[in-house]
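Accompanying notes for the structure given below.
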Amino acid sequence: MSAAWQVVVGLETHCQLATASKLFCGCANAFGAAPNTLVCAVCSGQPGALPVLNREALDLGLRAALALGCNVAPRTKFDRKHYFYCDLPKGYQISQYDQPFCTGGGIALASGKFVRLARIHLEEDAGKAIHDRGAHSLVDLNRAGVPLIEAVTEPDLSSAAEAHEYLTALKEILQFAGVSECDMEKGSLRCDVNVSVQRPGGARGTKVELKNLNSFANVAAALEHEVARQIQSLESGGEVRQETRLFDAEAGVTRTMRTKEDAHDYRYFPDPDLPLFTLDEAHVARVRSYLPELPAARRARYVKALGLSAYDAGVLTASRATSDYFEAALRHNDAPKELANWLTNEVAALFSDAASGVRSIDELPFKPFDFAELVELARTGRVTRSGARTILRAMCAQPRAPRELMRELGLETVADSGQLERWCREALLGREKIVADVRRGEEKALGALIGPVLKLSGGKADPKAVREKLLELIRAS
Ligand code: ZN
Ligand code: MN
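This note's numbering applies: residue 669 is where the sequence shown begins, and numbers increase by one.
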C-alpha cells in the first residue's frame, strides 16, 4: 500500500444476543429450527400485535456496553426504521435512532491505539430470504425479531490488520461477558465496513460501504482489495463513487451492489408502541456486578501473577471456555506453567486428531480436576511425558481417574531405587569415555547414557531420576 495514501476505516458490527427469546415477543431465539416454526403474531408483523421489550436482551446489551467502557444513557427509546423487503413483514425494523442506549467506549489495540465506539444500539433482526432455490424465493421468519446489538466505531482504523485485530478483540470481550456466541458461521456476528482513502492532511475521501463479509479473514481480504481499487482509481485520474459493494470471496474482488442514487431514506420516527424508558443507576450497577474478568485483564494477571509468557496467556484467553478450564484446573494444581503447557500443546493436539473423538474444549469428557492430576503425575515423574500422553488419550475414551489408568496401563515409572541402579550400572558398562567427560564437568555427555537406560527399563524409568542416579554413580566411582 502506498504511503502517499491514508486509509480510513469504520466498522458496524451486528451481534445476536444470547437470550432465550426474541426482542419483543416470547418466541424462542434459536438457530437451526425448521423454517417458520419460531413465529408469532408479533414477530410476523400482524396488525394490532404489540411488542413488549425483553428485559434479558436489554441486560445483555448493558453488559456489552459496560464491558466496552461505554456511557449508558439515562433515557433511551426505540424508533421505526422503514424499508420494504420480503423478510421484513412489518415494513419497518424496530431500532434506535437518535437516543441509543449507550455511546462512547471502545477497544485498545496492541499498538496502544484506542478505537472509539460512537454508539451501540439495540434492534431486532429481519427474517431470512433465500433466493437460490429455482423459480421461487423463500422466506424464513425464525430470525425476525431476534435481538441484536449494533456496535458502530468512529473511523479510527487505518488498515485491514487493525480491522481484524479490533474484531477479534470485540468477539473475545462479548464472548467472555456472555453477551453472544459471536459465531459468524451461524450469523450471530456480522460486520459491515466503511472505507475511504485520502492524501495525508487532505480532505476525507468518498466512503464506500462493504457488505456480505462472513469471516474476519474476508473482512481483511475485502479491505485490502477495496483500498487498492480506490487508490488505483484515484491515481489514474478517476474518482471513487459513494456506493455499497459486495465482496465476492471466491474471486477476491468487490462489486457494486447499489449506488448513492438509490440510497435509503428510512423515515425514522419513535415507535409509539414502545415508550421512552429510563435506565436507573442501581440496575446498571447490578448488571456491572455480574461482569466476569475480561480477556485483557486475565492476560495481564496470567503474565504478572502466574508467570506465564504473553504468548501462552494469549492462547489461554482466546476463548472463555479454555480460560475457565485452565482456572478450574489451577484450583487443584498450583502449577500454572505445566497446566498451560499441557493445555495448549497436548490437549490442543487432541482437537486436531479425529481419533481422539474430541473436537473442542467443550467436548472434553474429563473434569479439570482429573486433568490437574494427570499434569501432576507427569510433573513429579510418576509417569513419563509420553506415558502421560497415553493416559490423556485413554481419558478421552473412558473418563476415569488418571492414577487408575496409569496403573491399569502399566505406565507408572519405576521408583524402586535398586532396580533403577541396576539399569544404570548396565548402561555404564564399557562407556568409560562418557564417564570421564562427565567427571571433567561436561554434564551434557550424560545425555548419551539416559537413552540406553530408558530402553533397558522399557520406558518405565523417569528420565529425571535416571539422570540423578547416573550422576550419583559416576561421582561415587
Ligand atoms: Zn414471535
Ligand atoms: Mn443495523
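No residue lacks a Cβ here, since even glycine has one placed at the ideal position from N, Cα and C. Keep in mind it's a predicted model, so treat the numbers as computed, not measured.
Per-residue DSSP class, three states only, for residue i
i	result
D1030	helix
C1064	helix
K1005	helix
Y979	helix
R1151	Since the first residue shown for the chain is 669 and the last is 1145, residue 1151 is missing from the structure and cannot be characterised.
C683	strand
C770	strand
Q1146	Past the edges of the chain, shown from 669 to 1145, lies residue 1146, and the structure says nothing about it.
M669	Interpretation of M669 is limited by its pLDDT of 49, a score under 50 that renders its predicted location unreliable; no figure is taken from the coordinates.
L1141	helix
N739	strand
A812	coil
Y760	strand
A1129	coil
E1014	helix
R954	helix
Anticipated Cβ contact below 8 Å, residue i with residue j, distance rounded
i	j	result
G813	F692	6 Å
P962	V847	Before going further, note that residue 962 is Leu rather than Pro in the sequence given. Going by Cβ atoms, the distance from L962 to V847 rounds to 11 Å, so no, they are not a contact pair.
L1032	P1070	Not confirmed; about 13 Å, so no contact.
S763	E724	That belief does not hold up - the Cβ atoms of S763 and E724 are roughly 19 Å apart, past 8 Å.
N810	P715	The Cβ separation is near 21 Å, so there is no contact.
V677	P823	7 Å
I788	A819	5 Å
A996	I841	About 21 Å separates the two Cβ atoms, so there is no contact after all.
Check: residue i C-beta below 7 Å from any heavy atom of the ligand MN
i	result
E818	yes
H682	yes
S712	no
S763	yes
E791	yes
heavy atom of the ligand ZN below 7 Å from residue i C-beta
i	result
G795	no
C850	no
G716	no
K758	no
V807	no
G813	yes
C770	no
K749	no
K879	no
C693	yes
Cβ shell of residue i (< 7 Å), same chain only, five flanking positions each side left out
i	result
L881	C859, V861, V887, A890, F915
L998	P1004, L1007
F844	P960, L962, P963, R988
M852	N882, S883
G759	H750, F752
S1028	F1019
G1049	T1081, D1130, K1132, A1133
S1125	V1082, W1091
K1128	T1081, V1082
K1101	none
Residue interval of the beta strand (DSSP E) (run including residue i)
i	result
F692	Note, F692: premise wrong, no beta strand (DSSP E); not H, not E.
D1038	From DSSP, D1038 is part of no beta strand (DSSP E) but of the alpha helix (DSSP H) over 1036 to 1047.
T927	921 to 927
S1085	From DSSP, S1085 is part of no beta strand (DSSP E) but of the alpha helix (DSSP H) over 1085 to 1096.
N862	857 to 866
F782	782 to 792
E877	876 to 881
A1023	Run containing A1023: none; DSSP gives neither H nor E here.
Any chain D beta carbon closer than 8 Å to residue i
i	result
G846	Among the chains in the structure shown there is no chain D, since it carries only a single protein chain.
Bounding residues of the alpha helix (DSSP H) (the contiguous stretch that carries residue i)
i	result
V971	963 to 972
V887	884 to 903
K1123	1115 to 1124
K1101	1100 to 1107
A837	828 to 844
Contact set for residue i: own chain, Cβ-Cβ below 6 Å, skip 5 residues either direction
i	result
G612	Residue 612 is absent from the structure shown; the chain starts at 669 and stops at 1145.
Q674	Q866, P868
E1041	P1070
M669	Caution is warranted here: a pLDDT of 49 is assigned to M669, below 50, making its placement in the model unreliable, and the coordinate value is therefore given only provisionally. Taken in chain order, the list of residues that qualify is empty.
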